[in-house]
Amino acid sequence: MTIVAQLQITLFIDVMIIFIVMLLTIAIGFIGYRTSKTLTGFMFANKTLGPWLLAFSIMATYFSAASFLGGGGATYLYNLGFGAWLTTWHVIGVVVLWVIIAERLFNYISKANVMSIPELIGYRYGDKLVRTIAAIIIIALFSFYLVGVYKGGAVILSMQLGVDLELAMLLLAIPIIIYIVIGGLKAATVNNLFLGLLMLIAAVLTFSYIMVYVGGPIKGIEQLAYMNILNKSGMLWLKLDGMGPPPAMERSMVSMLIMSIAFSIGMAQIALPNLLIHFYAAKDRRAVSKGRIIGPILVFLYAMLMFSLGIFCHLILDYRISEKEITQLMRDTDWVIPKTISLIVPSGIRGLIFAAPIAASMSTIALTVLTLANTLLRDIVQPILKVESEKVLLYIAKAIAIAFAVIPIPIAMIGGGVIIDIVGAAFGTIFACFVGPVTIGLYWEKASREGAIASMLLGAITGIVWYIYLYRVTWIYPTVPATAIALISFITLSLMKTRFKR
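Quick note: the sequence shown uses this note's numbering, first residue 28, plus one each step.
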């Protein structure tokens, strides 16, 4: 058998595994068919989610392909401190989400009987305007966020199938649309259990193969210290203020950049509407309480396995590729993990690993699309059209979900930027907008509508403007200034309102 024939067979095996995973998601979608015949069933699975579905679905929704490709490969450019801080902030964020927010949010939702995050905000502050602003921000920022998620999964499909990125994104969207329309949130969360398990298995396999190849983390670090990478000492990759984007290094801003990115992505968990919406579908308080144990463990395991692998890929890739290719990989680290896997993992297992970022994208897209559909229907369409028929609303919800699953594809072809930048910026801005009105507002009785409105608007404007114009000048990630300004305005205006009342 010729080498070309062998390569074709191995590629065929990997592609078949990926397609089997995608077909399984469609089959699993029928689990939610009966539940999705009503609007509440379609959007919230008739509030039947137990602790395992809750925990796995939140983990799988949160970890998009950026976690596998961008997060896994980032330390190929950044130093090891990036992986360490990214893991740390992920753990802090998930603990805060499950321990401080989850049960309080569930109790508040149950008492208020609301059906969306903007409706929750509107109820909390007794104002329609604040609800509308929240809905518009969620729709705008999550549409932008989906662009990065789609790109993450499509990178693998494009590479494996040898097709354009546009076609790969469309192929990614088809099974998601089918199982969402068939089974709604129930199908999405059951799929997230399956896809979350696949992501964990792939993370274990990827970590194991890379560690075995380099002789373990300690030996790998020792080898890296004596390595020369593009005329730079490997020691730079072992210092927190060492390797990073050259402009940030020149300004001695690498440490600040690493901390701000890690904070942005890790802490976003506590205010992301596509995560918080899971608690609307929780079966009961016990499901939330038990999920508090499972959820943080899942996030910790995945983050610990994936987020420092890029640095060890220098020991695998750099001796096999040209300096030009190394430079390109350091500019676009999303390709580091796929290229490494292609070199050291045998066919079959490689296909299973490559299915993971696709699975991560699918799980995130599904819940985000449902969140967007619920927000647009509940907080904008229904109040304007005054539709009462549940059957009509269900059809509208499914049509909106299909639209939101397709819209990011043409947008993705326009914008640039690596996956971790796109997702991180969107994560951080959403966090800045909602951490005050939602997270703090659940506990602080003095929080006011004026503070909530200012917090959301200023957080969104600061995050977007900073990312476009100031990020690569200051090398401070947009989340830091956006959150600071949003919280200052939220607290200040709320306190002023309290004083005026007196």
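The beta carbon of each residue, even a glycine, is placed where N, CA and C say it ideally should be.
- Message: If I measure Cβ to Cβ from Val281 and keep anything under 6 Å in the same chain, skipping five residues before and after, which residues do I get?
- Response: Excluding five sequence positions before and after Val281, the CB atoms of its chain that fall closer than 6 Å to its own CB belong to Asp268, Gly271, Ala275, given in chain order.
- Message: Can you give me the C-alpha to C-alpha distance between Ile512 and Cys460, rounded to a whole angstrom?
- Response: Between Ile512 and Cys460, the C-alpha separation is close to 10 Å.
- Item | Whole-angstrom distance between Ala181 and Ile385, CA atom to CA atom | Cα to Cα, the separation comes out at about 7 Å.
- When we look at the beta-carbon of Ser349 and count the other beta-carbons within 10 Å, is it buried (16 or more) or exposed? Under this definition Ser349 is an exposed residue.
- Message: In the DSSP output, which residue or residues are listed as bridge partners for Ala14?
- Response: What is shown of the chain runs 28 to 529, which leaves residue 14 out entirely.
- Task: Check whether the stretch 234-242 touches the stretch 325-340, taking contact to mean three or more Cβ pairs, one atom from each stretch, closer than 8 Å.
- Result: When C-beta atoms of the stretch 234-242 are compared with those of the stretch 325-340, three or more pairs fall below 8 Å, so the two segments count as touching.
- Item | Element boundaries [alpha helix (DSSP H), containing Thr398] | Run containing Thr398: 376-403, per the alpha helix (DSSP H) assignment.
- Message: In whole angstroms, give me the CA-to-CA distance for Lys178 and Leu522.
- Response: If I take the Cα positions, the gap works out to 43 Å.
- Message: To the nearest angstrom, how far is the alpha carbon of Asn218 from that of Leu80?
- Response: Whole-angstrom Cα-Cα distance: 9 Å.
- Message: Given 8 Å as the limit, tell me if Ser291 has its C-beta closer than that to any heavy atom belonging to the ligand NAD.
- Response: Ligands displayed in this structure: none; no statement on the ligand NAD is therefore possible.
- Item | C-alpha distance - Ala195 paired with Met43, whole-angstrom precision | Ala195 and Met43: Cα-Cα distance of roughly 15 Å.
- Message: Measuring alpha carbon to alpha carbon, tell me which residue in Asp359, Gly100, Pro464 is nearest Thr233.
- Response: Nearest C-alpha to Thr233: Gly100.
- For Ile47, count neighbouring C-beta atoms within 10 Å of its own C-beta (all shown protein chains included) and say buried if the count is 16 or more, exposed if not. Exposed.
- Task: Could you pull out every residue in the same chain whose Cβ sits closer than 8 Å to the Cβ of Ile165, ignoring the five residues on either side in sequence?
- Result: Cβ neighbours of Ile165 beyond the five flanking positions: Ile144, Pro145, Pro300, Thr398, Leu399, Thr402, Ile457.
- Message: Given a cut-off of 9 Å on the beta-carbon distance, is the pair Gly175 and Thr360 in contact?
- Response: For Gly175 and Thr360, no; Cβs fall outside 9 Å.
- Query: Got a sec? Which residues, its chain only, sit under 6 Å from Phe290 by beta carbon, not counting five neighbours each side?
  - Reply: Taken in chain order, the residues that qualify are Trp116.
- What residue range is occupied by the uninterrupted alpha helix (DSSP H) comprising Lys351? DSSP places Lys351 inside the alpha helix (DSSP H), whose first and last residues are 350-358.
- Item | Ile371 in three-state terms, based on DSSP | Under the three-state reduction of DSSP, Ile371 is assigned to helix.
- Helix, strand or coil for Asn134, going by three-state DSSP, please let me know. Asn134 falls in the helix class under three-state DSSP.
- Message: Using a Cβ distance threshold of 8 Å, determine whether the stretch 204-224 contacts the stretch 468-481, with at least three qualifying pairs required.
- Response: Cβ pair count under 8 Å is below three, so no.
- CB of Thr75 within 9 Å of CB of Lys246, strictly: Not a contact, by the Cβ cut-off of 9 Å.
- According to DSSP, is Ile183 helix, strand or coil? The answer is helix: DSSP assigns Ile183 an H, G or I state.
- Query: Does Tyr346 come within less than 9 Å of chain D when only Cβ atoms are used?
  - Reply: Of the protein chains in this structure there is only one, and it is not chain D.
- Message: Check whether the stretch 114-132 and the stretch 412-421 are in contact - that is, three or more C-beta pairs closer than 8 Å.
- Response: Contact fails: fewer than three Cβ-Cβ distances are below 8 Å.
- Do three or more CB pairs link the stretch 246-266 to the stretch 102-109 at distances below 8 Å? Under the three-pair Cβ rule at 8 Å, the stretch 246-266 counts as touching the stretch 102-109.
- Just mark Ser516 as buried or exposed, buried being the case when its beta carbon has 16 or more other beta carbons within 10 Å. Ser516 is buried by the Cβ-count criterion.
- Apart from the five residues just before and just after Thr510, which ones in its own chain have a Cβ nearer than 6 Å to its Cβ? Ala459, listed in sequence order.
- Query: In chain order, what residues of the same chain lie with their CB nearer than 7 Å to the CB of Arg319, ignoring the 5 residues before and after it?
  - Reply: Here the set comprises Trp125, Val126, Ala129.
- Message: Quick check on the DSSP output: the alpha helix (DSSP H) that includes Leu96 runs from which residue to which?
- Response: Note, Leu96: premise wrong, no alpha helix (DSSP H); not H, not E.
- Between the Cα of Leu379 and the Cα atoms of Lys418, Ile248, Leu227, which residue gives the shortest distance? Distance check between Leu379 and each of Lys418, Ile248, Leu227 places Leu227 closest, using alpha-carbon atoms only.
- Taking Cβ to Cβ, would you say Met389 is nearer than 9 Å to Leu197? Leu197 is positioned such that its CB atom lies no closer than 9 Å to that of Met389.
- Task: Using only alpha-carbon positions, find the residue among Leu332, Ala161, Gly455 that is nearest to Val492.
- Result: The shortest C-alpha separation from Val492 is found at Gly455.
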